[in-house]
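A.B. asks:
Numbering (our numbering), first residue to last: 1 to 1097.
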């Protein structure tokens, strides 16, 4: 005989790879009765990535398998901390340590009844001798009592019709416990995958079919799927076993995952269609087909001598020779169900059908008790899903082992509290035992007496009294103590509620026996129409002024009545007299206002402001000055209501009094100023090149060059200002020094020179001694005070202010000008930017040097979007040019491209530049935005939210690293761009047209876009956000909200600040993630490479 090794792995299974729920109360055992693979077998049952072990107990009878050595050699130290090694008794004879002993030893080694579900996987070798199956019934009852599902993985199985002791043990245990018997060739990943799949889905047997392939080469099996089952598996066992296909009743193929466990076992895993399905299988010779499924319905059968009531004892096993009611406790199900009938049966063709009805909560019971046989019994239930009237059938996965007791007739006795009672033990002196729902375990009262007496009965005396003799129950009394009703008084019977409170709960803690009937009334006679009762407590829903009054709880049984009263007062809002806290929030900053009352998500949270209802749920404020006030949060739960009131003030962070130059030349009196408008106490902090300076004043004398930062702090926030103090250099102001047709300033690489500026003072700064190129473009002469300097470009070296040295002569940049204006180049590279759209690049050419400005995606008729890169070289202001009259006419022409028929409101479609002139380089470059393809009609009166949004976006480069790449898409969305689903929400009335005069003085009609959009893509960090402005005339805020097609995330974008973005008169704007924007409007533009949302800058 081969030596036997067993390995037991006990797991309080909290984690299985890929699963994190529904694995509590779970026990797992591997019993290994196979020696050929030794450590190889451990490799497949002990991988850390498969199961995380909370506790492992290893039991074996051979020194050849040392788990600690295995885990050490395989670098799995985690297992050692959870592992305890125990040897089997060595005194046992070898021929007694066979398969049945191994299984029985496994079931005895720990108290598995503590777990709801236990799995025992037995790895056995068919060639190992099995001396006897004696004691199998005892082992089986033990497995059933401990809720263990037993499955076998057997090596060397001959696949014959002969029945051996091994077959008897495996078939008996698997059939009764819901497990499976699988002949396998070797232990590999497919077996481990099967075990993992079983643990995750907890499949139970549904049906088993047997056929002989000699007569039916291909067999078809039908199986019905209802909505209570899911995650099916079909196991085909036999030589050459194969699952050919699965189809549903519509003759459609069902996809399945095929798992080959051995040359004679295959398994298909799939999600079946509701209704009748068919499986096509084949094999050589005799073949077995096992259907298993995960059940959405989980129930537990129980048995009781009396119909079950709340608190009554329900046994897991029926008494034999004593009629028992069958109860069904539903623990989990799909939908709202009713159980209509049940069938109980044994393995000897006995069965009985029972009608089932609901008792309370999720507990059902048979309408009558029946006498159960002494054999193992199974339970099958039939029901219906109420919403759909679909019927279902579900089988309890294990057979149930009844235990045998003498026939008992329960004697029911009703006594009144204070009465006396004498019970007799049928003329015998026996042991009296007492059991009740309040007394567990059973209490031994007295021994060797015939009569047991209760004197002056109390409620605690109610229960079951048994008289036992020689372990046989002789007499069973059920004593019911009757008591008149009483109602426990509560401390809070004067209740104050608010109009709109979702619920008010009034408890009625009534006791008595028989259990009293509880009724409620309002003002003595009226029934509460907006009320329900839960466990005798009154629940008033949606409180109104009419809910006020006196509520009476009446408890009544056959012995009398009792009353309790509540007075409900209804107010409009909580009192503001008890302010618990003063809260200060910062202006224009998003703040979550907390309700400092312990509560859960199930409780109702309501907010009031200044005595008026504000909102339900969590409160978020955005720092508007008008948000100041007295706020009260009100928590409503079944146990009562609580209020918490705070006095909230919105304060403003400091603001600078006036702008100051950001670049300052050092002198004997270089004063840096940081004065602010006073908003309470402020603190000034100065640093130079990152080092803190002494002083707390708004002014600082800068004696040395460097980078100075002034930070002003108050209790409402902080602001800062930077000064670059330089020894010398050139500063060119964008708003004054670029008047006229100025030359372009190029750096040594041929690119436009980036200006240095802050949001208030825009300036191009060039360090002392640095050289730049002044270029008017090919064949355009450069002048200084009408004296020509060059027909191409000149190189100038910065001296000071606006003075440069050119060919050893000093020239003032203010006096430089170009003979004419350099025209932009529109280059069409025939690159597609969508269906029937091409991409055009707008550039300036300086000989062989090309400077890119922006790009336009357009159809043959109109612009779709314009893309440009944000950077610190933008002008931010528009200077006055030499040919102002001509340009002014062009600008006016563009501004009035869409002629308005002004109405009383002053609103109409006016022209809007998609790319603002302020967002290009200073000087001539801004005229590159004067093009028809950059103009679209926008419904507005004057200033709109679009301009405010441009201003916020223009600030982004100042807040990011100098190497950051940020691109902006500005475009339009028409009704035709919407997908089919969105088009159903709009009608042709949303399409408007405008008439404009083109460059040939011809009038054209153009459709107005439904939306304008601006999408920001922070390429460096792969973040972005899209803004959509509604462009439909005369809509209200409520109407505008119908056009919000995405999850509006504007509140999450901190740099939007306190804008009035939802005002339709200024342009209703909402915000989308780029992912949703692409999904909704991918026909317009699809922005790639964005993973997150640009919430902060």
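We put the beta carbon where it would ideally sit given N, CA and C, even for glycine.
According to the Cβ coordinates, are residue 529 and residue 518 closer than 9 Å?
C.D. replies: No.
A.B. asks: Could you tell me if residue 167 is buried or exposed, where buried requires 16 or more neighbouring beta carbons within 10 angstroms of its beta carbon?
C.D. replies: That one is buried.
A.B. asks: Cutting at 7 Å between CB atoms, please list the residues of its own chain near residue 814, excluding the five before and the five after it.
C.D. replies: 737, 802.
A.B. asks: Use the C-beta contact count for residue 1068: other C-beta atoms within 10 angstroms, 16 or more gives buried, fewer gives exposed.
C.D. replies: Flag for residue 1068 reads buried.
A.B. asks: Give me, in chain order, the residues of the same chain whose beta-carbon lies closer than 6 Å to that of residue 63; leave out the 5 immediate sequence neighbours on both sides.
C.D. replies: Note on residue 63: pLDDT 46, under 50, position unreliable in the model; the coordinate value appears next. None.
A.B. asks: Below 9 Å between beta carbons: does that hold for residue 866 and residue 1018?
C.D. replies: It is not a contact, given that the beta carbons lie outside the stated cut-off.
A.B. asks: Quick test of your reading: residue 513 and residue 476, contact by CB under 8 Å. State the CB separation rounded to the nearest angstrom.
C.D. replies: That pair is no contact at about 20 Å.
A.B. asks: Check this for me: beta carbons of residue 431 and residue 467, under 9 Å apart or not?
C.D. replies: Going by C-beta atoms, residue 431 is nearer than 9 Å to residue 467.
A.B. asks: Residue 981 lies in the alpha helix (DSSP H); which residues open and close that run?
C.D. replies: 980-983 is the extent of the alpha helix (DSSP H) around residue 981.
A.B. asks: Could you pull the DSSP bridge partners for residue 686 from this structure?
C.D. replies: DSSP lists 710 as partners of residue 686.
A.B. asks: Among the residues of its own chain, which have a CB less than 6 Å from the CB of residue 758, if the five just before and after it don't count?
C.D. replies: Note on residue 758: pLDDT 39, under 50, position unreliable in the model; the coordinate value appears next. The answer, listed in chain order, is 662.
A.B. asks: Residue 562 and residue 510 look like a contact to me (Cβ under 8 Å); what is the Cβ gap, rounded to whole Å?
C.D. replies: Right, the Cβ-Cβ distance comes to about 7 Å (below 8 Å), so this counts as a contact.
A.B. asks: Does the segment 739-746 come into contact with the segment 712-720, if we say contact requires no fewer than three beta-carbon pairs (one atom in each stretch) closer than 8 Å?
C.D. replies: Touching, no, given that fewer than three Cβ pairs across the two stretches are closer than 8 Å.
A.B. asks: Kindly give me the distance between the Cβ atoms of residue 202 and residue 294, rounded to whole angstroms, as I take these residues to be in contact under 8 Å.
C.D. replies: Correct: roughly 6 Å between the Cβ atoms.
A.B. asks: Can you list, in chain order, the residues of its chain with a C-beta nearer than 6 Å to that of residue 587? Leave out the 5 residues immediately preceding and following it.
C.D. replies: Excluding sequence neighbours, residue 587 sits near 623, 650, 652.
A.B. asks: Where does residue 56 sit, in a helix, a strand or coil, going by DSSP?
C.D. replies: Confidence at residue 56 is low in this model, with a pLDDT of 43, below 50, so its placement is unreliable and no value can be given for it.
A.B. asks: Report the CB separation of residue 265 from residue 234 in whole angstroms; it is logged as a contact under 8 Å.
C.D. replies: Going by Cβ atoms, the distance from residue 265 to residue 234 rounds to 11 Å, so no, they are not a contact pair.
A.B. asks: Starting from the C-beta of residue 179, find all residues in its chain whose C-beta is less than 6 Å away, skip the five residues before and the five after it, and write them out in chain order.
C.D. replies: Within the same chain, residue 179 has close Cβ partners 149, 150, 151.
A.B. asks: Rounded to whole angstroms, what's the CA-CA distance from residue 786 to residue 973? Just pull it up for me.
C.D. replies: Computed Cα separation, rounded: 49 Å.
A.B. asks: Would you mind giving the Cβ-Cβ distance between residue 701 and residue 671, rounded to the nearest angstrom? I have them listed as a contact below 8 Å.
C.D. replies: Right, the Cβ-Cβ distance comes to about 6 Å (below 8 Å), so this counts as a contact.
A.B. asks: I need the DSSP call for residue 819, collapsed to helix, strand or coil.
C.D. replies: Coil at residue 819, not helix or strand.
A.B. asks: Once you ignore the five residues that flank residue 308 on each side, which residues in its own chain have a CB closer than 8 Å to its CB?
C.D. replies: Excluding positions up to five away in sequence, the list reads 302, 314, 325, 327, 359, 363, 365.
A.B. asks: Let me make sure I understand the geometry here. Which of 127, 943, 417, 414 has the alpha-carbon closest to that of residue 1061?
C.D. replies: Of the listed residues, the one whose Cα sits closest to residue 1061 is 943.
A.B. asks: By alpha-carbon positions, which one of 977, 1025, 208, 1010 ends up nearest to residue 949?
C.D. replies: When only C-alpha atoms are compared, the closest one is 1025.
A.B. asks: Counting only the same chain and skipping the five closest in sequence on each side, list residues whose C-beta sits under 7 Å from that of residue 621.
C.D. replies: Once the five neighbours on either side are set aside, the close Cβ partners of residue 621 are 585, 591, 593, 627.
A.B. asks: Do residue 570 and residue 551 come within 9 Å of each other at the CB atom, strictly closer than that value?
C.D. replies: No, they are not a contact pair.
A.B. asks: Would residue 120 pass as a contact of residue 106 if the rule is Cβ separation under 9 Å?
C.D. replies: Cβ atoms of residue 120 and residue 106: closer than 9 Å.
A.B. asks: Since I believe residue 1027 is in contact with residue 1014 (beta carbons under 8 Å), could you give me their beta-carbon distance rounded to a whole number of angstroms?
C.D. replies: Correct: roughly 5 Å between the Cβ atoms.
A.B. asks: Pull up the distance between the alpha-carbon of residue 488 and that of residue 595, whole angstroms please.
C.D. replies: Going by the C-alpha atoms only, they are around 32 Å apart.
A.B. asks: Rounded to a whole number of angstroms, what is the C-alpha to C-alpha distance between residue 547 and residue 526?
C.D. replies: Near 11 Å, if we compare the C-alpha coordinates of residue 526 and residue 547.
A.B. asks: Between which residues of its own chain and residue 254 is the CB-CB distance below 7 Å, once the five residues before and five after are set aside?
C.D. replies: Answer for residue 254: 246, 247, 248, 270, 272, 273, 277, listed in chain order.
A.B. asks: Hey, which unbroken runs of the beta strand (DSSP E) at 3 residues or more fall wholly within the segment 142-209?
C.D. replies: For the segment 142-209, whole beta strand (DSSP E) runs of length 3 or above, ordered along the chain, are 148-155, 181-183.
A.B. asks: Drop a sphere of 10 angstroms on the beta-carbon of residue 669, count the other beta-carbons inside from all chains shown, and report buried for 16 or more, exposed for fewer.
C.D. replies: Flag for residue 669 reads exposed.
A.B. asks: Return the Cβ separation of residue 646 and residue 583 in integer angstroms, given the expectation that the two are a contact with Cβ distance under 8 Å.
C.D. replies: 5 Å between Cβ atoms; contact.
A.B. asks: Let's see if you can read the secondary structure: which residues bound the alpha helix (DSSP H) around residue 108?
C.D. replies: That run of the alpha helix (DSSP H) goes 99-108.
A.B. asks: Please tell me whether residue 1031 and residue 1009 are closer than 9 Å, where the distance is taken between their beta carbons.
C.D. replies: Contact: yes.
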